[in-house]
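Scroll down for the structure; my scribbles are underneath it.
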């Protein structure tokens, strides 16, 4: 799978992601609210397992499992704590360091730093999904995501930008709207992930 | 069926509280509960789970303890240096910053 070009079904994935979000709005927003709050108050230490839990809930809803996921399943992400923690810390630190270094250069540096952030988040977009769904370790999961995305980078970058923009659209409502719209990004990428990688 | 050990859950809760309140009062119990939980899980892996929660509690507990120690050292350095700086540069004593800081010394 890594060496072949994966077809990016842009409209199909966004539509399916939006439908999944719409059908499970309350559950996803509540789970996302808890995940964001716990991730923020612990200075990012719990961001990995919390996002992992949110991904597990989203994939459970997408697969229409016999037992419908509940908000409590958010804490299932702790089964993969170390790998999820390392994933967020390592890629987050790389993004922050590169962005800070580029921001030293006036104007062009800021545009470049935005570009680098998009590149990094696109390359590892499936990393956390592979950790919690396929029980992969942090580094092999990151590499599997990078190897898949790099073969067809620009369509995946486009998907990431659109999914990210849709997820952060709530920021216009005094910032707190993000808590409501952010799960949409998770839903769109979850649909794409399941379509590409299939069930484990 | 495996269940989360209560010690792991306590370690996680105390770890979160220690980060939010930034204090060793809950960080030390978080570390103790975390180690006890991991030992319990290791002892009977068929019955207990929650290693990730215990590890999260441990990391947050240790992080909070280190942060508290660093803050304590910084406070001592400030307590020693600020009066000396004011003695050396009397003009600083009349500045707006000194008006805020000096009452603490």
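Residue numbers (my numbering), protein chains in the order written: chain V, 3 to 202; chain B, 489 to 593. By construction, the Cβ of each residue, glycine as well, lies at the ideal position given by its N, Cα and C atoms. Source: prediction; values computed, not measured.
Query                                                                                                                                                                                                                         : Result
List the endpoints of the continuous alpha helix (DSSP H) containing residue 512 of chain B.                                                                                                                                  : 512-531
Going along chain V, which residues have a C-beta under 7 Å from residue 509 of chain B?                                                                                                                                      : Result: empty, since nearest Cβ-Cβ is about 10 Å, beyond 7 Å.
State the Cα-Cα distance for the pair residue 500 of chain B and residue 110 of chain V, rounded to the nearest angstrom.                                                                                                     : 43 Å
Compare the C-beta of residue 84 of chain V with all C-beta atoms of chain B and state if any pair is closer than 8 Å.                                                                                                        : yes
Could you compute how far the alpha carbon of residue 72 of chain V sits from the alpha carbon of residue 80 of chain V?                                                                                                      : 15 Å
Assuming residue 95 of chain V is part of the alpha helix (DSSP H), what are its boundary residues?                                                                                                                           : 83-104
What does the alpha-carbon distance come out to for the pair residue 4 of chain V and residue 137 of chain V?                                                                                                                 : For residue 4 of chain V, the predicted model reports a pLDDT of 47, less than 50, meaning its position is unreliable; a value from the coordinates is still stated below. The straight-line gap from Cα to Cα measures roughly 18 Å.
According to DSSP, simplified to helix, strand and coil, what is residue 124 of chain V?                                                                                                                                      : helix
With H, G and I counted as helix, E and B as strand and the rest as coil, what does DSSP make of residue 149 of chain V?                                                                                                      : helix
Can you confirm whether residue 522 of chain B, when its beta carbon is compared against all beta carbons of chain V, has any partner nearer than 8 Å?                                                                        : no
Answer with buried or exposed for residue 133 of chain V, where buried requires no fewer than 16 other C-beta atoms within 10 angstroms of its C-beta.                                                                        : buried
Could you check the C-alpha separation between residue 191 of chain V and residue 22 of chain V for me, to the nearest Å?                                                                                                     : 11 Å
If we define contact as Cβ-Cβ less than 8 Å, is residue 4 of chain V a contact residue for chain B?                                                                                                                           : Any answer about residue 4 of chain V is weak, because its pLDDT of 47 lies below 50 and its placement is not dependable; what the coordinates show is given next. False, the Cβ-Cβ gap to chain B never drops below 8 Å.
Between the C-alpha atoms of residue 121 of chain V and residue 576 of chain B, what's the straight-line distance to the nearest angstrom?                                                                                    : 52 Å
Using 8 Å as the cut-off, can you tell me whether the segment 494-513 of chain B makes contact with the segment 27-38 of chain V, which would need three or more C-beta pairs spanning the two stretches below that distance? : no
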